[in-house]
Amino acid sequence: MPIKRTRFAPSPTGLMHVGNAFAALQCQHWALSNDAELLLRIEDIDFTRCRPEYTQTIIEDLQWLGITWHGKIRQQSQHLTCYQQALSKLQQLELIYPCFCTRSQIQQEIKSMASAPHSDDMHDPYPGICRNIPIIKRQQRMQHEAFAWRLDVKKACQTLHQSIYWLDEQGNQYHVQAETLGDIVVARKDIAISYHLAVIVDDALQGISHIIRGEDLRSSTPIHRLLQTLLGLPAPTYQHHRLMMDSHGNRLAKRNQSTTLKSLREAGMSPQILRNFLMSKDATWPFAYDSSASAIVQQLGRRT
Ligand code: GLU
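First residue of the sequence shown: 11, per my numbering; consecutive thereafter.
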């Protein structure tokens, strides 16, 4: 029987909060229930936002929470050449093109498109401004302008003679309407790589058979399956777990400064109580996302 393997893959762009603890526990629970290995990967390619001190604290938080992982931690910033190779392969396949657009140019173009009068530019696919720039012009601009690389998704789909889908653990098939994804960025202007590319390369290199991650990443799964298919990488099984909400129905998230695990740890929280609480069926966080750690500890339970 092939080894079953999953991974927890936090990005050290801030301290872990209770929602991240819930996600890590979901991965661990799946691994324990399936006699599978759990790996830890630190997704720190975005040097504009990631910090080594966050990585250190994430490791301490996970240890405190009782999460153990198999083998060495993979740190993406140490493996940039792997992602460059994948990018080169897409380039050789002539499926990517440089995109010089700024965010505001893209927004303006979307607004001006008659077919999208009320479009929400955050979710609209890239309108293709740079897709058909003639090669000479493209090369000239590449000399002196910053650019991202985008996948020409329509062209990519035409080269594939198979339908793309992903499977969940129950064997349900989800077909990917790749044409609707828009030309996704496979290498950002600022960091020369993208989350999507790094993730699929690592999942393949680490032999990840099952991906257990939050609902917030469901929309990335079709993109990952498209990239895997283009690069000839194996297809893992995907399972998207619910997200942990606070007492007002807000999502626990770094950007709204949810209570951190570090602060709970320092306030004397019992990790066992926190684990049991988060793993109890249908649990929601009975506090506001930004409640003080000491108030939470007082109510939930102190380490004895
Ligand atoms: N690094 C991503 C995050 O922290 C998770 C990536 C994944 O699970 O595919 O949201």
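Heads up, the beta-carbon is just placed ideally off N, CA and C, and yes, glycines get one too.
What you are looking at is a predicted structure, and each value in this text was computed from that prediction instead of being measured.
H39 (DSSP reduced to helix, strand or coil)
Correct three-state label for H39: helix.
Pair within 9 Å by beta-carbon distance, L236 and V186
yes
At which residue ranges does the stretch 214–285 contain complete alpha helix (DSSP H) runs of 4 or more residues, listed in the order of the chain?
231–241 and 271–276
Enclosing beta strand (DSSP E) for T16 [first to last residue]
Bounds of the beta strand (DSSP E) holding T16 are R15 to F18.
Please report the distance separating the alpha-carbon of D131 from that of Q118.
Its pLDDT being 46, under 50, D131 is placed unreliably by the model, and the measurement read from it follows with that caveat. Approximately 9 Å between the Cα atoms of the pair.
Checking the sheet assignment: what are the DSSP bridge partners for V186?
Answer is none; V186 lacks a bridge partner.
Is the beta carbon of T16 less than 9 Å from the beta carbon of I201?
The answer is no: Cβ separation not under 9 Å.
Whose beta carbon lies closer than 6 Å to any heavy atom of the ligand GLU, going through the chain in order?
A19, P20, S21, E53, V209, R223 and L227
Please list, in chain order, all residues of the same chain as I222 whose beta carbon is under 6 Å from its beta carbon, the five residues on each side excluded.
Around I222, the same chain offers T16, Q36, C37, W40 and Q249 as residues with beta carbons nearer than 6 Å, after the five sequence neighbours per side are excluded.
If contacts are defined as beta-carbon pairs under 8 Å, then A96 and L241 qualify, I think. What distance do you get, rounded to the angstrom?
So it is a contact: roughly 6 Å between Cβ atoms.
Quick one: is Q150 buried, meaning 16 or more other Cβ sit within 10 Å of its Cβ, or exposed?
Residue environment: Q150 is assigned as exposed (fewer than 16 neighbouring CB atoms within 10 Å of its CB, all protein chains considered).
Note down, in chain order, each residue of its chain lying with its Cβ closer than 7 Å to the Cβ of D256, except the 5 sequence neighbours on either side.
L262, W295, F297, A298 and Y299, listed in sequence order.
What does the Cβ neighbour count give for L170, buried or exposed, with the cut at 16 atoms within 10 Å?
exposed
With H, G and I counted as helix, E and B as strand and the rest as coil, what does DSSP make of D130?
Its pLDDT being 48, under 50, D130 is placed unreliably by the model, and nothing is read from it.
Please report the residue range of the alpha helix (DSSP H) in which Q120 lies.
A small fix is needed here, since residue 120 is Ile in this sequence, not Gln. R113 to S122 is the extent of the alpha helix (DSSP H) around I120.
With respect to the beta strand (DSSP E) encompassing W159, which residues constitute its N-terminal and C-terminal limits?
A158 to L161
Our contact map puts R141 next to P108 with C-beta atoms below 8 Å; I'd like the distance itself, whole angstroms only.
Actually they do not touch by this definition, with Cβ atoms about 10 Å apart.
Under 9 Å between the Cβ atoms of H206 and H234?
yes
Going by alpha carbons, who is nearest to T91 out of T190, Q267 and S204?
S204
Enclosing beta strand (DSSP E) for C109 [first to last residue]
I106 to C109
In the structure shown, what three-state DSSP assignment does A34 receive?
helix
Count the other CB atoms, across all protein chains shown, that sit within 10 Å of the CB of F32; report buried if there are 16 or more and exposed otherwise.
buried
Between L42 and K272, which are expected to be in contact by the criterion C-beta below 8 Å, what is the C-beta distance as a whole number of angstroms?
About 25 Å separates the two Cβ atoms, so there is no contact after all.
A197 - DSSP class collapsed to helix/strand/coil:
In the structure shown, A197 sits in a strand (DSSP, three-state: E or B).
Where S129 and K199 are concerned, what is the direct C-alpha to C-alpha distance, given to the nearest angstrom?
With a pLDDT of only 47 at S129, under 50, the local geometry of the prediction cannot be trusted, and no value is derived from it.
Below 8 Å CB to CB, which residues in the same chain sit around L4 once its five sequence neighbours on both sides are set aside?
With the chain running from 11 to 314 in the structure shown, residue 4 is simply not present.
Using the Cβ count rule (16 or more neighbours within 10 Å means buried), how would you classify S114?
exposed
Mapping DSSP to helix, strand and coil, what is I52?
strand
How far does the alpha helix (DSSP H) with L177 in it extend, from its first residue to its last?
From DSSP, L177 is part of no alpha helix (DSSP H) but of the beta strand (DSSP E) over Y175 to L177.
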